[in-house]
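Chains as they are written, first to last, in this note's numbering: chain A, 1 to 161; chain B, 162 to 322. All C-beta atoms, glycine included, are put in the ideal place defined by N, C-alpha and C.
2 protein chains.
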Amino acid sequence: EKAVVAGIAFDRNEARINVKGVPDKPGIAYQILGPIADANIEVDMIIQNVGENGTTDFSFTVPRGEFQRTLGILRDVQTHIGAAKIDADDKVAKISIVGVGMRSHCGIASTMFRTLAEEGINIQLISTSEIKVSVLVDEKYLELGVRVLHKAFGLDQTVEA
Amino acid sequence: EKAVVAGIAFDRNEARINVKGVPDKPGIAYQILGPIADANIEVDMIIQNVGENGTTDFSFTVPRGEFQRTLGILRDVQTHIGAAKIDADDKVAKISIVGVGMRSHCGIASTMFRTLAEEGINIQLISTSEIKVSVLVDEKYLELGVRVLHKAFGLDQTVEA
Ligand SMILES: C[C@@H](O)[C@H](N)C(=O)O
Ligand SMILES: C[C@@H](O)[C@H](N)C(=O)O
Numbered sequence: 001e002k003a004v005v006a007g008i009a010f011d012r013n014e015a016r017i018n019v020k021g022v023p024d025k026p027g028i029a030y031q032i033l034g035p036i037a038d039a040n041i042e043v044d045m046i047i048q049n050v051g052e053n054g055t056t057d058f059s060f061t062v063p064r065g066e067f068q069r070t071l072g073i074l075r076d077v078q079t080h081i082g083a084a085k086i087d088a089d090d091k092v093a094k095i096s097i098v099g100v101g102m103r104s105h106c107g108i109a110s111t112m113f114r115t116l117a118e119e120g121i122n123i124q125l126i127s128t129s130e131i132k133v134s135v136l137v138d139e140k141y142l143e144l145g146v147r148v149l150h151k152a153f154g155l156d157q158t159v160e161a
Numbered sequence: 162e163k164a165v166v167a168g169i170a171f172d173r174n175e176a177r178i179n180v181k182g183v184p185d186k187p188g189i190a191y192q193i194l195g196p197i198a199d200a201n202i203e204v205d206m207i208i209q210n211v212g213e214n215g216t217t218d219f220s221f222t223v224p225r226g227e228f229q230r231t232l233g234i235l236r237d238v239q240t241h242i243g244a245a246k247i248d249a250d251d252k253v254a255k256i257s258i259v260g261v262g263m264r265s266h267c268g269i270a271s272t273m274f275r276t277l278a279e280e281g282i283n284i285q286l287i288s289t290s291e292i293k294v295s296v297l298v299d300e301k302y303l304e305l306g307v308r309v310l311h312k313a314f315g316l317d318q319t320v321e322a
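What follows is the structure, encoded as structure tokens:
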């Protein structure tokens with residue numbers, strides 16, 4: 001199956017929130033996201049990696065306009081679930097490689113990572129699906145990142161998410 | 162935009178590898194995934210959360226049949242990049258809620274998390290895209306998880322990924 005990269009999508013309207021050191025037990029993901037859903041805040045990426053020693057970190061992104069409201073809701077949640085701290089950043093941007101047949105081509109993801117590395121762009125967060133590899137980077141690297149990824153994948157135009 | 166859940170997909174052919182304590186600097190994601198791509202190993206999920214104190218964890222999933230070969234490749238990588246350790250598990254399964262308009266409905270994700278929590282099913286890893294919320298759980302919970310998610314979303318049949 002030949003992987004085809006259809007385009008590079010980006011979204012500068014992202015703010016990242018990381019709830020660190022949460023108990024890694026059933027119900028915690030719901031106790032974090034439930035109040036955000038109840039407040040009708042649109043969530044884009046949700047990322048959680050495997051825990052260690054009974055805790056893990058739970059991250060998600062919201063539109064920049066919802067950043068402060070989200071932090072306000074999480075203050076109560078943090079106490080309630082006993083999270084170690086909340087780390088947040090509204091100066092991030094998402095860059096995604098969009099294609100078909102991604103699943104069988106981790107070569108596309110590794111090309112993306114190499115291309116960003118060559119420009120000294122640090123990858124803060126990664127999430128993939130069958131048709132997309134998405135990374136969060138410092139917003140100051142958005143234009144540079146999109147430009148060099150274009151070149152690396154031989155594409156002509158971008159798509160703003 | 163009304164979110165519609167189209168179905169529940171699952172994949173029991175997953176093995177999870179977590180490269181823990183990697184330096185959080187440009188180039189590391191490529192140094193981990195490059196050798197896996199060069200070996201033509203199919204990678205499904207790639208997850209990395211925000212780092213702390215200069216390190217982070219980098220996780221990905223491969224087909225179970227590639228588990229040992231992947232671990233073999235990573236032994237050299239671990240030394241080369243100075244990762245703290247490699248934590249792996251081939252007894253996991255992926256469950257995904259597939260729908261449209263997911264992005265604006267974190268209510269779907271929170272319903273999924275609540276439903277799994279009510280059965281005492283721990284969520285090991287989470288990754289989302291615009292059309293999917295995917296979680297990794299212990300393989301022993303696959304059938305139970307799929308069944309209760311069906312009921313929670315009022316669906317009739319499943320789709321094996
Ligand atoms: C951390 C959180 O995902 C927890 N493992 C849960 O199942 O809710
Ligand atoms: C950990 C890894 O993603 C690193 N931040 C990189 O950019 O490669």
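Chain-order list of residues whose beta-carbon lies under 6 Å from that of residue i (same chain, five-residue window excluded)
i: D250(B); result: R177
i: E52(A); result: none
i: K293(B); result: S257, V259
i: R64(A); result: N13, A15, D90
i: L205(B); result: The sequence shown places Asp at residue 205(B), rather than the Leu named in the question. Correct list, in chain order: T222.
Beta carbon of residue i nearer than 7 Å to that of residue j
i: Q229(B); j: F219(B); result: no
i: K91(A); j: E130(A); result: no
i: K181(B); j: K246(B); result: yes
i: L297(B); j: L286(B); result: yes
i: P26(A); j: G168(B); result: no
Whole-Å CB distance - residue i paired with residue j, under 8 Å assumed
i: S295(B); j: L33(A); result: At roughly 15 Å, the Cβ-Cβ gap does not stay under 8 Å, so S295(B) and L33(A) are not in contact.
i: S127(A); j: T289(B); result: 7 Å
i: N5(A); j: I97(A); result: Reading off the sequence shown, one finds Val at residue 5(A), where the question assumed Asn. With a Cβ gap of about 6 Å, V5(A) and I97(A) count as contacting.
is_contact[residue i, chain B] using C-beta, thresh 7 Å
i: A29(A); result: yes
i: Q164(A); result: Because chain A here runs from 1 to 161, residue 164(A) falls outside it and cannot be looked at.
i: F10(A); result: no
i: N13(A); result: no
i: K94(A); result: no
i: G34(A); result: yes
i: L125(A); result: yes
i: K91(A); result: no
i: E1(A); result: At E1(A), the pLDDT of 46 sits below 50, so the modelled position is not reliable; the number obtained from the coordinates is stated separately. By this cut-off, E1(A) is not an interface position.
i: G107(A); result: yes
i: T128(A); result: yes
i: P26(A); result: yes
i: V98(A); result: no
i: V19(A); result: no
i: V43(A); result: yes
Inter-residue spacing [alpha-carbon to alpha-carbon] between residue i and residue j
i: L277(B); j: F171(B); result: 14 Å
i: E143(A); j: K255(B); result: 34 Å
i: R147(A); j: G54(A); result: 41 Å
i: G268(B); j: Y30(A); result: 10 Å
i: E14(A); j: V211(B); result: 15 Å
i: R236(B); j: V183(B); result: 13 Å
i: D38(A); j: I73(A); result: 10 Å
i: G260(B); j: Y141(A); result: 32 Å
i: D24(A); j: Q78(A); result: 14 Å
i: E166(A); j: F153(A); result: Past the edges of chain A, shown from 1 to 161, lies residue 166(A), and the structure says nothing about it.
i: L316(B); j: T217(B); result: 38 Å
i: G306(B); j: G145(A); result: 39 Å
i: I46(A); j: E227(B); result: 27 Å
Short CB-CB distance (under 7 Å) between residue i and chain A
i: N214(B); result: no
i: F274(B); result: yes
i: A198(B); result: yes
i: D299(B); result: no
i: A278(B); result: yes
i: F314(B); result: no
i: I247(B); result: no
i: V211(B); result: yes
i: G281(B); result: yes
i: I207(B); result: yes
Sequence-distant residues of its chain with Cβ nearer than 7 Å to residue i (five each side left out)
i: T70(A); result: I17, I36, I41, V62
i: F274(B); result: I284
i: D87(A); result: N18, K20
i: A83(A); result: V19, K20, G21, V22
Contacting residues, own chain, Cβ-Cβ under 8 Å from residue i (five flanking each side not counted)
i: I189(B); result: V183, F219, I242
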